[in-house]
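Numbering (full-length UniProt numbering), first residue to last: 1 to 385.
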């Protein structure tokens with residue numbers, strides 16, 4: 001089944017395009033330079049209702065299909081992936097609540113996220129548990145009134161500015177350590193916001209450490225049931241991989257446009273460098289990668305919307321393909337710009353720094369390939385049986 005963007009979604013995408021052209025494009029370099037959460041852009045997005053697009057009407061939202069959502073992320077990312085992360089992390093951080101939260105949690109928190117009154121983040125990654133989420137060491141020990149949580153998280157997007165934290169820990173239950181999800185308000189005693197990480201790319205998207213020091217979480221903070229943490233995390237990661245694929249595709253689109261325009265303006269040997277076959281081939285490779293990325297992202301969005309059995313495989317394939325080709329496109333764009341490609345006066349050096357992160361965040365390329373291979377082997381083993 002193929003999903004078609006409806007008229008309302010087309011209007012939303014047109015509005016996003018106008019905002020990106022008129023505002024985000026002008027602020028992108030400054031946001032990268034300052035490396036601070038762009039409150040002005042956040043407020044503008046709140047006014048335009050962009051955060052509401054991930055939530056149903058019962059929570060004050062105006063939920064759109066996954067195809068519209070990833071195209072919105074792609075368009076914003078073309079100007080600034082850091083700004084796009086601001087939007088997508090709200091959906092990623094609240095995914096556990098949307099699909100596994102209690103009615104009370106949903107009615108209390110989701111309207112605040114839809115209206116932009118509150119921010120949320122997804123706290124899974126740890127110093128010794130990045131791609132291997134089964135190795136998380138954050139522990140929740142049962143105590144009177146709930147659980148005491150101790151541990152640490154790293155590389156948490158929006159950790160510095162969030163009001164709610166979707167936290168994963170292992171609950172000690174007898175001899176077992178059961179992965180479990182909690183949603184924790186910012187003012188919870190024992191929750192400590194650590195330092196902000198200083199990154200080469202995605203600057204302006206604040207990334208922080210978190211510490212839990214005898215943090216008491218109460219039963220109303222439990223998302224789903226004890227022991228469901230990994231299922232909840234995997235559901236969120238599928239959406240996250242689509243989001244990173246969309247971020248990557250946006251940067252690839254930016255590289256194609258910047259390189260094509262510059263190649264026709266820059267002259268060497270009395271000719272525009274776009275006349276040279278070597279440059280044409282680089283531009284062709286970039287455009288082919290862009291078109292293929294969009295097709296694969298569209299296929300993954302179909303799988304997500306219709307609950308396809310190959311959702312994880314398709315999301316991983318889209319994530320690794322789009323992110324690796326964003327890096328290649330950015331590298332070629334820098335090459336076409338020559339020495340100017342290394343200078344901050346031009347945007348392509350920023351595109352390269354931003355793109356490099358996409359092969360790492362939400363699971364490295366190597367992990368995504370492992371997941372794809374595992375799915376393929378399982379599929380054909382079943383056919384042979």
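We put the beta carbon where it would ideally sit given N, CA and C, even for glycine.
Query, Result
"Reference residue 108; option with closest CA among 127, 153 and 164", "164"
"Cβ contact (3+ pairs, closer than 8 angstroms) linking the region 147-165 and the region 118-126", "yes"
"Buried or exposed by the 16-neighbour rule on C-beta atoms within 10 Å, applied to residue 41", "buried"
"Whole-Å CB distance - residue 55 paired with residue 63, under 8 angstroms assumed", "6 angstroms"
"The region 213-231 touching the region 168-176, judged by at least three CB pairs closer than 8 angstroms", "yes"
"Strand pairing of residue 183, partner residues [DSSP]", "166"
"Through-space distance from residue 124 to residue 133, alpha-carbon basis", "8 angstroms"
"Candidates 28, 97 and 206, of which the one nearest residue 36 by Cα", "206"
"Residues of its chain near residue 221, where Cβ-Cβ distance is below 7 angstroms and the 5 sequence neighbours each way are ignored", "182, 183 and 184"
"Cβ pair residue 243, residue 168 closer than 7 angstroms", "no"
"Residue 72 to residue 328 span [Cα, whole Å]", "23 angstroms"
"Helix, strand or coil at residue 284 according to DSSP, with G and I counted as helix", "helix"
"Closest by C-alpha distance to residue 9, when choosing among 275, 22, 52 and 358", "52"
"Residue 261 classed as buried or exposed, judged by whether at least 16 other C-beta atoms fall within 10 angstroms", "exposed"
"Cβ neighbour criterion (16 or more within 10 Å) applied to residue 399", "Nothing about residue 399 can be reported from this structure: the residues present for the chain run from 1 to 385 only."
"Cβ-based neighbour list, residue 147, same chain, cut-off 7 angstroms, excluding 5 preceding and 5 following", "140, 141, 171 and 217"
"Residue 316 burial status per 10 Å Cβ neighbour count (16 or more: buried)", "buried"
"Coarse secondary structure for residue 90, derived from DSSP in three states", "helix"
"Sequence-distant residues of the same chain with beta carbon closer than 8 angstroms to residue 143, five excluded per side", "216"
"C-alpha distance - residue 82 paired with residue 202, whole-angstrom precision", "5 angstroms"
"Proximity of residue 179 and residue 230 at Cβ, strictly below 7 angstroms", "yes"
"Under the three-state DSSP convention, the category residue 142 falls into", "strand"
"Through-space distance from residue 13 to residue 68, alpha-carbon basis", "7 angstroms"
"Validate contact between the region 273-284 and the region 351-366 using beta carbons, cut 8 angstroms, 3 pairs", "no"
"Rounded C-alpha distance that separates residue 373 from residue 239", "20 angstroms"
"Burial state of residue 135 (16 or more Cβ within 10 Å)", "exposed"
"Residue range of the unbroken beta strand (DSSP E) whose run includes residue 108", "Run containing residue 108: none in the beta strand (DSSP E); it sits in the alpha helix (DSSP H), 103-115."
"Terminal residues of the beta strand (DSSP E) in which residue 123 lies", "120-123"
"Cβ contact check for the region 320-337 and the region 289-299: 3 or more pairs under 8 angstroms", "yes"
"Cβ neighbours of residue 94 in the same chain (closer than 6 angstroms, five flanking residues each side left out)", "113 and 120"
"Pair within 7 angstroms by beta-carbon distance, residue 443 and residue 326", "Because the chain spans 1 through 385 in this model, residue 443 falls outside it and cannot be assessed."
"Residue range of the unbroken alpha helix (DSSP H) whose run includes residue 252", "229-265"
"Own chain partners of residue 177 with C-beta closer than 6 angstroms, once the 5 adjacent residues on each side are dropped", "170"
"Residue 101 versus residue 304: straight-line alpha-carbon distance, rounded", "19 angstroms"
"Assigned exposure category for residue 24 - 16 Cβ within 10 Å defines buried", "buried"
"Backbone secondary structure at residue 173 - three-state DSSP", "strand"
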